[in-house]
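Peer 1: Those letters in the sequence shown? Residues 46 to 330, per the numbering used here, in order.
All residues carry an ideal CB built from backbone N, CA and C; glycine is no exception.
None of these values were measured; they are calculated from a predicted model.
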Amino acid sequence: MAVATTGADAAEESRADEGLFGPDSVTWRVMRESVMWVAGIRALYLQALHPRAMRGTWQNTVFTDPEQAWGRFLRTSRFVGTRTYGSTADVEKAARRVRKIHASLTGVDSDGTRFRLDEPELLLWIHCGEIGSYADIARRSGLPLSGRDLDTFIDEQRKSAALMGLDPAGVPATVAALDDYFAEMRPRLYACEEAKRTLRLMFDPAVLATEVLPLRLAVPPLSAFGFATLPRWARRMYGMPGSPLTDVAATAALRAARRGTTGLPGRLLYQPAARMVFRGADQVS
46 MAVATTGADA AEESRADEGL FGPDSVTWRV MRESVMWVAG IRALYLQALH
96 PRAMRGTWQN TVFTDPEQAW GRFLRTSRFV GTRTYGSTAD VEKAARRVRK
146 IHASLTGVDS DGTRFRLDEP ELLLWIHCGE IGSYADIARR SGLPLSGRDL
196 DTFIDEQRKS AALMGLDPAG VPATVAALDD YFAEMRPRLY ACEEAKRTLR
246 LMFDPAVLAT EVLPLRLAVP PLSAFGFATL PRWARRMYGM PGSPLTDVAA
296 TAALRAARRG TTGLPGRLLY QPAARMVFRG ADQVS
């Protein structure tokens with residue numbers, strides 16, 4: 046499952062091409078914002094509401110084991126950064142690796158049915174949960190984006206979907222199409238036991254080494270913030286209040302968070318706590 050990142054050092058590396066998007070894309074305008082970390086957390090909670098997707102992820106990652114949990118976090122974060130800012134060669138190499146991993150993994154549903162983690166339905170759900178979260182947080186945090194800009198962002202991200210093996214023609218290309226997709230999926234969603242356990246773990250994260258101890262303090266408030274930005278129907282599925290007042294408060298907090306970080310270089314997102322995570326990468330990946 047996906048978490049948010051920025052280009053960080055990858056955006057500063059010299060390269061022969063500008064990858065999937067380039068500096069004139071809406072994607073770069075959105076993903077360079079610090080507040081996208083909140084979108085990454087939101088995406089995790091939203092994606093977890095697809096019971097098959099959540100069970101498959103849970104069965105292939107021991108979330109109670111900090112080595113596996115933080116290793117997954119690091120790999121996902123690095124992939125999103127490479128996908129957004131990397132050269133074409135780097136992006137394709139990273140995508141091949143992820144596709145190969147997904148193709149080798151299976152899960153078992155509640156009725157005993159075995160399924161592959163790279164089923165198109167699951168890949169589409171993960172994609173839409175991630176991209177929908179970025180778009181929603183971008184809009185609510187006050188990024189200077191028009192409705193057309195947001196449609197362009199979602200359309201650009203069909204390239205990301207293609208990297209995972211999806212046919213771009215079947216992937217939502219506008220905000221309206223994405224909203225229709227979520228409306229269609231809602232009757233099939235609920236918070237299974239694995240999703241609820243993941244929610245609890247995010248509010249009380251285990252850590253492996255001193256290099257990631259700062260996240261012991263940073264993750265719970267980020268988790269609460271990300272959860273509060275979920276759609277009301279999603280919060281209710283977790284058994285939490287779906288009050289409109291929470292939406293208003295979360296939007297106000299998002300705007301304040303963005304104002305407080307506007308203009309910061311992307312690499313500062315990794316200081317101090319997040320940069321410590323990446324320095325400990327060799328221990329957990």
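Going along the chain, which residues of its own chain have a beta-carbon closer than 6 Å to the beta-carbon of L208, five neighbours each way excluded?
Peer 2: For the purposes of this step, residue 208 is taken as residue 163 along the sequence shown, with counting starting at 1. Only A140 meet the Cβ criterion.
Peer 1: Does chain E have any CB closer than 8 Å to the CB of L299?
Peer 2: The structure shown contains no chain E; it is built from a single protein chain.
Peer 1: Tell me whether L290 is buried or exposed, calling it buried when 16 or more other Cβ atoms sit within 10 Å of its Cβ.
Peer 2: For this step, residue 290 is matched to residue 245 along the sequence shown. Its Cβ having fewer than 16 others within 10 Å, L290 is exposed.
Peer 1: Are there 16 or more other CB atoms within 10 angstroms of the CB of V293, so buried, or fewer, so exposed?
Peer 2: Translated into positions along the sequence shown, residue 293 becomes position 248. Exposed, because fewer than 16 other Cβ atoms sit within 10 Å of the Cβ of V293.
Peer 1: Please give me, in chain order, every unbroken run of the beta strand (DSSP E) with length at least 3 that falls completely inside the region 141 to 210.
Peer 2: If we require 3 residues or more, the beta strand (DSSP E) runs fully inside the region 141 to 210 come out as 151 to 153, 159 to 161.
Peer 1: Three or more C-beta pairs closer than 8 Å, one from the region 84 to 98 and one from the region 175 to 184: is that the case here?
Peer 2: The answer is yes - the region 175 to 184 touches the region 84 to 98, with three or more Cβ pairs under 8 Å.
Peer 1: For L190, which residues from the same chain have a beta carbon less than 8 Å from its beta carbon, with the 5 sequence-adjacent residues on both sides left out?
Peer 2: For the purposes of this step, residue 190 is taken as residue 145 along the sequence shown, with counting starting at 1. These residues qualify, in order along the chain: V71, R74, V75, A183, R184, F198.
Peer 1: Using only the alpha-carbon positions, how far apart do A331 and L94 sit?
Peer 2: The structure shown does not extend to residue 331, since the chain is modelled only from 46 through 330, so no value can be given for it.
Peer 1: Count the other C-beta atoms from every protein chain shown that fall within 10 angstroms of the C-beta of I171, then say buried if there are 16 or more, exposed otherwise.
Peer 2: Here residue 171 refers to the residue found at position 126 of the sequence shown. With 16 or more other Cβ atoms within 10 Å, it is buried.
Peer 1: Leaving out five residues on either side along the sequence, give the residues of the same chain with a beta carbon under 6 Å from the beta carbon of V153.
Peer 2: Counted from its first residue, the sequence shown places residue 153 at position 108. Counting only Cβ-Cβ distances below 6 Å, and skipping sequence neighbours, we find R159.
Peer 1: Nearest-angstrom Cα distance between E229 and G215?
Peer 2: As a first step, residue 229 must be located in the sequence shown, where it is residue number 184. As a first step, residue 215 must be located in the sequence shown, where it is residue number 170. Going from the Cα of E229 to the Cα of G215 covers about 14 Å.
Peer 1: Are A218 and V80 touching if we call contact CB-CB under 8 Å?
Peer 2: For the purposes of this step, residue 218 is identified with residue 173 of the sequence shown, where counting begins at 1. For the purposes of this step, residue 80 is identified with residue 35 of the sequence shown, where counting begins at 1. No, the pair does not count as a contact, with Cβ atoms beyond the cut-off.
Peer 1: Beta-carbon within less than 7 Å of R117's beta-carbon, same chain only, minus the 5 sequence neighbours each way: which residues are those?
Peer 2: In the sequence shown, residue 117 corresponds to position 72, counting from 1. The residues are T106.
Peer 1: By a C-beta neighbour count over all protein chains shown, 10 Å radius and 16 as the cutoff for buried, is F272 buried or exposed?
Peer 2: Translated into the one-based positions of the sequence shown, residue 272 becomes position 227. It is buried - the Cβ of F272 has at least 16 other Cβ atoms within 10 Å.
Peer 1: What do you get for S186, buried or exposed, if any count of 16 or more other CB atoms within 10 angstroms of its CB means buried?
Peer 2: Locating residue 186 in the sequence shown gives position 141, counting from the first residue. With 16 or more Cβ atoms within 10 Å of its Cβ, S186 is classed as buried.
Peer 1: Once the 5 residues before and after L167 are set aside, which same chain residues still bring their CB inside 6 Å of it?
Peer 2: For the purposes of this step, residue 167 is identified with residue 122 of the sequence shown, where counting begins at 1. A98, listed in sequence order.
Peer 1: Just to confirm my understanding: we take V220, look at its own chain, exclude 5 residues before and 5 after, and list those with CB closer than 8 Å. What are they?
Peer 2: As a first step, residue 220 must be located in the sequence shown, where it is residue number 175. Answer for V220: A180, G192, L195, D196, I199, listed in chain order.
Peer 1: If we count the other Cβ atoms within 10 Å of its Cβ and call it buried at 16 or more, is S149 buried or exposed?
Peer 2: The sequence position of residue 149 within the sequence shown is 104, counting from 1. Exposed, because fewer than 16 other Cβ atoms sit within 10 Å of the Cβ of S149.
Peer 1: What do you reckon, are the CB atoms on G91 and L246 nearer than 8 Å?
Peer 2: The count along the sequence shown starts at 1 and reaches residue 91 at position 46. The count along the sequence shown starts at 1 and reaches residue 246 at position 201. According to the sequence provided, residue 91 is Leu. The question's Gly does not apply to it. No, Cβ-Cβ distance for L91 and L246 is not below 8 Å.
Peer 1: Just tell me which of R100, E63, L119, D224 has its CA closest to the CA of V136.
Peer 2: Locating residue 136 in the sequence shown gives position 91, counting from the first residue. The shortest C-alpha separation from V136 is found at E63.
Peer 1: According to DSSP, simplified to helix, strand and coil, what is D54?
Peer 2: As a first step, residue 54 is located in the sequence shown; it is residue number 9 there, counting from the start. Caution applies to D54, whose pLDDT of 49 falls short of 50 and renders its modelled position unreliable; the model cannot decide the point.
Peer 1: Buried or exposed for R142, going by 16 or more other Cβ atoms inside 10 Å?
Peer 2: Within the sequence shown, residue 142 is the residue found at index 97, counting from 1. With fewer than 16 Cβ atoms within 10 Å of its Cβ, R142 is classed as exposed.
Peer 1: How would you write the range of the alpha helix (DSSP H) that T291 sits in, first residue to last?
Peer 2: Here residue 291 refers to the residue found at position 246 of the sequence shown. Segment 289 to 306, the alpha helix (DSSP H) holding T291.
Peer 1: Counting along the chain, where does the alpha helix (DSSP H) carrying P96 start and finish?
Peer 2: Locating residue 96 in the sequence shown gives position 51, where the first residue counts as 1. Here the alpha helix (DSSP H) through P96 covers 96 to 105.
Peer 1: Judging by CA-CA distance, which residue of F248, G287, Y283 is the nearest neighbour of A269?
Peer 2: Taking the first residue of the sequence shown as position 1, residue 269 is located at position 224. When each option's Cα is compared against that of A269, the closest is F248.
Peer 1: For C237, which residues in the same chain have their Cβ closer than 7 Å to its Cβ, ignoring the five residues on either side in sequence?
Peer 2: Within the sequence shown, numbered from 1, the residue matching residue 237 stands at position 192. The answer, listed in chain order, is P96, M99, R100.
Peer 1: Please check the pair S205 and R128, which I expect to be a contact at CB under 8 Å, by giving their CB distance rounded to whole angstroms.
Peer 2: Your numbering for residue 205 matches position 160 in the sequence shown. Your numbering for residue 128 matches position 83 in the sequence shown. That belief holds up - the Cβ atoms of S205 and R128 are roughly 6 Å apart, short of 8 Å.
Peer 1: Span of the alpha helix (DSSP H) holding E63?
Peer 2: By 1-based counting over the sequence shown, the position of residue 63 is 18. It is not in any alpha helix (DSSP H) - E63 carries neither H nor E in the DSSP assignment.
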